[in-house]
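When you read off a place in the sequence shown, starting at 1, and then add 2, the result is the number in my numbering. Where a beta carbon is used, it is the ideal one built from N, C-alpha and C, also for glycine.
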Amino acid sequence: MPRQEANFTKEIENIVRTSKTSFYWAMRLLPQKKREAMYAVYAFCRQIDDIADEPAPLEQKKQALFQWRNDINKIYDNKTPDQEIAKALVPHIKEFNLPKEEFISLIDGMEMDIPDGMVAPQLSELELYCRRVAGTVGILSVYIFGDSSKNATNFAIVLGEAVQITNILRDMDEDANLGRLYMPKEFIEKANISIDNNKSLIYFINNKNIGVARYELAKIAQLRYTEANTMLQKLNKKNMKPAIIIKEIYYDLFKRLEKRGWDHISPRINKSKFHILLIILKSFFI
């Protein structure tokens with residue numbers, strides 16, 4: 003590997019490691035080629051996510067996402083992309099035959115978070131959002147793990163939705179401060195809560211009935227975790243080891259949120275480092 007390429011590979015690994023994501027430890031278990039591919043994909047996802055979250059003018063965000071859309075098109079047209087992380091994706095896209103539509107899907111998902119963020123979407127819109135921002139990552143991952151079958155991609159989509167909903171349930175207060183409320187309109191109405199545009203979303207999520215809506219969303223997450231476990235039985239568990247680790251880490255987080263009670267929004271519950279270590283250790287016996 004040329005020195006410049008090797009240095010940038012290290013830079014990408016640093017992006018993943020310093021993000022403090024639990025995905026980093028799951029990726030570390032992969033062979034070098036697959037690990038480097040996952041690092042590059044994660045770095046791409048991090049870049050796209052940061053564009054949507056950063057406090058920048060709307061047109062600047064749109065332009066940044068457009069640039070990424072253009073770079074992905076260039077890669078698949080066998081042209082050299084402009085951005086360094088896009089260039090780092092090129093060999094991995096070719097090596098693992100990663101589908102273009104999934105990269106584009108993630109960009110589409112981030113565009114759903116701008117200009118003002120999602121507020122009380124229909125359940126079907128939330129499901130589409132989860133498919134784009136989480137299912138996409140899962141599908142690209144299972145391709146890299148070595149399984150592009152329908153069973154594997156369905157597993158990735160279902161697990162992605164479970165993980166994304168878990169994040170939504172954990173981060174409601176942080177999302178509200180960003181002008182986002184991912185709770186489906188149907189569940190808000192079931193909880194007899196009205197959203198007043200003249201009041202902040204923080205006021206809404208502190209409503210005494212918020213636990214009713216959160217419980218309804220949690221039921222979907224639990225169903226998706228159960229479905230993912232069933233689907234996993236048809237897959238090669240050794241190939242899916244990183245996905246299993248992520249599933250167990252997030253399910254542990256989900257159960258701790260559940261134990262605290264859906265009426266409670268804060269304080270933020272973080273992933274337990276002790277439990278993460280145990281899950282990783284158990285993975286060696288899969």
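Could you give the distance in angstroms between the alpha-carbon of I207 and the alpha-carbon of A178?
Locating residue 207 in the sequence shown gives position 205, where the first residue counts as 1. Locating residue 178 in the sequence shown gives position 176, where the first residue counts as 1. Using only the alpha carbons, I get a separation of about 8 Å.
Output needed for V92: all residues of its chain with C-beta closer than 6 Å, excluding positions within five of it in sequence on either side, in chain order.
The residue you call residue 92 lines up with position 90 of the sequence shown. Cβ within range, chain order: I77.
When DSSP labels each residue in this structure, what does L32 get in the three-state scheme?
Walking along the sequence shown from the start, residue 32 turns up at place 30. Coil, per DSSP.
Determine the direct distance from the alpha carbon of E97 to that of A223, and round the result to whole angstroms.
Here residue 223 is taken as the residue at index 221 of the sequence shown, counted from 1. Here residue 97 is taken as the residue at index 95 of the sequence shown, counted from 1. Near 33 Å, if we compare the C-alpha coordinates of E97 and A223.
Could you check whether R133 and G119 sit closer than 9 Å to each other, using their CB atoms as the reference points?
Here residue 119 corresponds to residue number 117 of the sequence shown, with the count starting at 1. Here residue 133 corresponds to residue number 131 of the sequence shown, with the count starting at 1. Result no, Cβ atoms of G119 and R133 do not sit closer than 9 Å.
One question on the structure: do A220 and K249 come within less than 9 Å of each other, judged by their Cβ atoms?
Translated into the one-based positions of the sequence shown, residue 220 becomes position 218. Translated into the one-based positions of the sequence shown, residue 249 becomes position 247. In this structure, K249 does not lie closer than 9 Å to A220 by Cβ.
Between L183, I87, S107 and D73, which has its C-alpha nearest L130's C-alpha?
Along the sequence shown, one-based indexing puts residue 130 at 128. When each option's Cα is compared against that of L130, the closest is S107.
How long is the line joining the alpha carbons of L128 and Y44, rounded to whole angstroms?
As a first step, residue 128 is located in the sequence shown; it is residue number 126 there, counting from the start. As a first step, residue 44 is located in the sequence shown; it is residue number 42 there, counting from the start. If I take the Cα positions, the gap works out to 22 Å.
First and last residue of the alpha helix (DSSP H) that includes R270?
One-based indexing of the sequence shown puts residue 270 at position 268. Segment: none, R270 is in no alpha helix (DSSP H) and carries neither H nor E.
Does DSSP put L203 in a helix, in a strand, or in coil?
Within the sequence shown, residue 203 is the residue found at index 201, counting from 1. Three-state DSSP puts L203 in a helix.
Quick one: what's got a C-beta closer than 8 Å to A42's C-beta in the same chain, skipping five residues either side?
On the sequence shown, residue 42 is found 40 positions in, with the first residue counted as 1. I14, I87, A90, L91 and H94.
Determine the closest residue to K36 out of R258, E163, V144 and I195, with distance taken between C-alpha atoms.
For the purposes of this step, residue 36 is identified with residue 34 of the sequence shown, where counting begins at 1. Among R258, E163, V144 and I195, the Cα nearest to that of K36 is on V144.
Keeping to the same chain, check which residues put their C-beta closer than 6 Å to that of V18; ignore five residues upstream and five downstream.
Taking the first residue of the sequence shown as position 1, residue 18 is located at position 16. Around V18: Y26, Y41 and Y44.
With a Cβ-Cβ cutoff of 9 Å, do R226 and M174 count as a contact?
Translated into positions along the sequence shown, residue 226 becomes position 224. Translated into positions along the sequence shown, residue 174 becomes position 172. Not a contact, by the Cβ cut-off of 9 Å.
My output table needs one value for L279: the three-state DSSP class, helix, strand or coil.
Here residue 279 corresponds to residue number 277 of the sequence shown, with the count starting at 1. Of the three classes helix, strand and coil, the one that applies to L279 here is helix, per DSSP.
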